[in-house]
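Here the structure is laid out as structure tokens; the discussion comes afterwards.
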Amino acid sequence: MSRSTQVGTHPNDLSRLRVRGLDTLNDVVGTMSFTEGFYFIVTGRKPSREQTRVLDAALLILMDHGLTPSALVARMVADSNREDVQIPLAAGILMVGNRFAGTMVGAGRILTDGMRHEGDKREWADRVVRDFKQSRRRIPGFGHPNYKEIDPRTARLFEIATVAGVRGDYISLIKTLGQAVNDDAGRNVLLNVTGALGAVLHEIDFPVEMMRSVAVLGRCAGLVGHIREELESPISPELYEFSESISYAE
17 MSRSTQVGTH
27 PNDLSRLRVR
37 GLDTLNDVVG
47 TMSFTEGFYF
57 IVTGRKPSRE
67 QTRVLDAALL
77 ILMDHGLTPS
87 ALVARMVADS
97 NREDVQIPLA
107 AGILMVGNRF
117 AGTMVGAGRI
127 LTDGMRHEGD
137 KREWADRVVR
147 DFKQSRRRIP
157 GFGHPNYKEI
167 DPRTARLFEI
177 ATVAGVRGDY
187 ISLIKTLGQA
197 VNDDAGRNVL
207 LNVTGALGAV
217 LHEIDFPVEM
227 MRSVAVLGRC
237 AGLVGHIREE
247 LESPISPELY
257 EFSESISYAE
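The opening residue of the sequence shown carries number 17 in this note's numbering; numbering runs sequentially from there.
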């Protein structure tokens, strides 16, 4: 069986160093930014200026949000593995899932379905709300335990995407869905940043199944900051002390 990859050349191929058909050293390194290179290696296409600006914002928006579960895990593992940064980094990034920072894929899939719907988009949105309600599932991309009226990260992402010049079809679609969610709930259920990411990443033709990687890659950078701070000014002793206050009960 003949096997091949179009991503990059193997280390044993000493005659060339290529990625997605380009000369790595001359056409990629020193020519593309990291954001451009990321888009390129994932999609096989060079991003436009518009796409680069939106993806850059998407990578930064979830880079850090303080002492999140992923940051706490990374710090505690760093306290035990002080010489190998990749170990606490890997541990922390495993916390990026459907509950923490990872629901943009779910939102992206819903928006794919909505864009394929040829009828009235509001009717589609009402159906989505009804289906999720009947199955007792939460619609990905809506609600937040701390933000109540608006997620400022959502507003900023939409602002950047609009200024960059995206068409805005997916942004409009998720707003339509948001209105249906609110009408059904009888109150404001805010569109959170992961829902917004599902929309803006659609706007730049980023693959839906790879959308969570944007959160992972951005959060990796933030965790490096937390790991370094933990090694220099640790908070783990306080976490261990707090754990001793939790009583055992039969």
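Glycine residues also receive a C-beta, built at the ideal position from the N, C-alpha and C atoms.
Only a predicted model underlies this, so the values are computations on that prediction, with no experimental measurement involved.
So is residue i buried or exposed if we call it buried at 16+ other beta carbons inside 10 Å?
i    : result
E99  : exposed
E260 : exposed
V121 : buried
I262 : exposed
R169 : buried
A193 : Checking the displayed sequence, the identity of residue 193 turns out to be Leu instead of Ala. So L193 ends up on the buried side.
V44  : buried
Within a Cβ cutoff of 8 Å, which residues of the same chain sit near residue i, ignoring the five residues on either side of it in sequence?
i    : result
R172 : A73 and I77
V23  : V35, R36 and I57
R154 : F148
R228 : V112, G118, M120 and V121
P63  : T51, E52, Y55, F56, L71 and I220
Y163 : L206 and N208
G184 : A177, T178 and E219
N198 : N204 and V205
Suppose contacts are defined by Cβ-Cβ distances below 8 Å. Is residue i in contact with residue j by that definition?
i    : j    : result
P161 : G211 : no
I109 : R244 : no
D80  : G238 : yes
L71  : G214 : no
L233 : G159 : no
V224 : G124 : yes
E208 : D167 : Rather than Glu, the amino acid found at residue 208 in this sequence is Asn. A contact, by the Cβ cut-off of 8 Å.
R91  : E248 : no
N216 : A177 : Correcting the residue identity first, residue 216 is Val in this sequence and not Asn. Closer than 8 Å, so yes.
E165 : N114 : no
R69  : A180 : yes
Where residue i and residue j are concerned, what is the direct C-alpha to C-alpha distance, given to the nearest angstrom?
i    : j    : result
K191 : F258 : 42 Å
L255 : G241 : 19 Å
Q195 : L33  : 50 Å
L38  : F54  : 14 Å
H133 : W140 : 7 Å
S31  : E52  : 25 Å
I251 : V93  : 12 Å
R152 : A231 : 26 Å
Y186 : M131 : 8 Å
G82  : R19  : 45 Å
E175 : A265 : 51 Å
T59  : T40  : 16 Å
E222 : H26  : For clarity, residue 222 is Phe in the given sequence; the question names Glu instead. Near 26 Å, if we compare the C-alpha coordinates of H26 and F222.
V89  : V101 : 13 Å
T84  : D29  : 43 Å
Q150 : A106 : 37 Å
T21  : M48  : 22 Å
R65  : D129 : 27 Å
So, at 6 Å on beta carbons, what are the nonlocal neighbours of residue i in its own chain, with the 5 sequence-adjacent residues on each side left out?
i    : result
V182 : E219
A201 : none
Q67  : I220
Excluding five sequence neighbours on each side, which residues of the same chain lie with their C-beta closer than 7 Å to the C-beta of residue i?
i    : result
S86  : G108, I109, M111, V112, F116, R235 and L239
N97  : I103 and P104
M226 : V58
P253 : none
Under 8 Å by Cβ, that's how I've got residue i and residue j pegged, so tell me the actual separation to the nearest angstrom.
i    : j    : result
K137 : L189 : 6 Å
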